[in-house]
Structure formats: C-alpha cells, structure tokens
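Residue numbers (the working numbering): 4 to 90. Where a beta carbon is used, it is the ideal one built from N, C-alpha and C, also for glycine. What follows is a single structure, written as structure tokens, with notes after it.
Here's what the structure looks like:
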C-alpha cells in the first residue's frame with residue numbers, strides 16, 4: 004500500500020519483506036478459539052478493530068511484547084500492561 008501511495012520505494016518494501024522472512028514466525032493455533040471471546044472483549048473495551056485486538060490478545064495470552072506504530076493499539080497495550088517494542 005505504501006509503495007502504491009508513494010510513501011516507500013519498491014526496494015524498501017522488498018528489503019523489509021526479506022528481513023521478515025528471516026524471522027521465526029509461527030502460526031498460533033489458539034487464536035481462532037479466542038476470536039469471539041477474549042479478542043472481541045478487548046476490541047470493545049479499547050475500541051479496536053478485531054484484527055488489531057487479535058494482536059493484543061495474543062501478546063497478553065503468550066506474555067509477548069507487541070510491536071506496532073498504531074497509536075490506538077499502543078494505548079490499549081499500555082492499558083493492558085503489555086510490553087511495547089520500539090518508540
């Protein structure tokens with residue numbers, strides 16, 4: 004999206020994707036079980052999209068830090084005492 008909007012060049016996107024490919028990313032098998040319970044409650048409590056609340060729910064459940072630049076999600080993470088990476 005940022006390439007299309009002129010915010011980033013293709014080389015930046017491709018480099019970022021190459022960096023992501025090096026990370027040990029795993030699929031969490033329990034996320035779908037929590038979608039209509041804990042995740043939905045977090046979304047309502049913090050006025051998040053269900054998509055963003057899923058990241059917060061996962062960080063809470065697995066005691067993981069959260070990396071996001073989204074201000075609303077960062078505020079919700081602080082309210083839930085989730086460690087934030089970055090800024």
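Within this structure, are the beta carbons of residue i and residue j separated by less than 9 Å?
i, j, result
"residue 72", "residue 59", "no"
"residue 79", "residue 56", "yes"
"residue 35", "residue 65", "no"
Could you tell me the alpha carbon to alpha carbon distance between residue i and residue j, rounded to whole angstroms?
i, j, result
"residue 44", "residue 38", "9 Å"
"residue 23", "residue 62", "19 Å"
"residue 7", "residue 75", "25 Å"
My output table needs one value for residue i: the three-state DSSP class, helix, strand or coil.
i, result
"residue 38", "coil"
"residue 66", "coil"
"residue 76", "helix"
"residue 87", "strand"
Measure from the alpha carbon of residue i to the alpha carbon of each residue in the options, then state which is nearest.
i, options, result
"residue 88", "53, 69, 82 and 65", "69"
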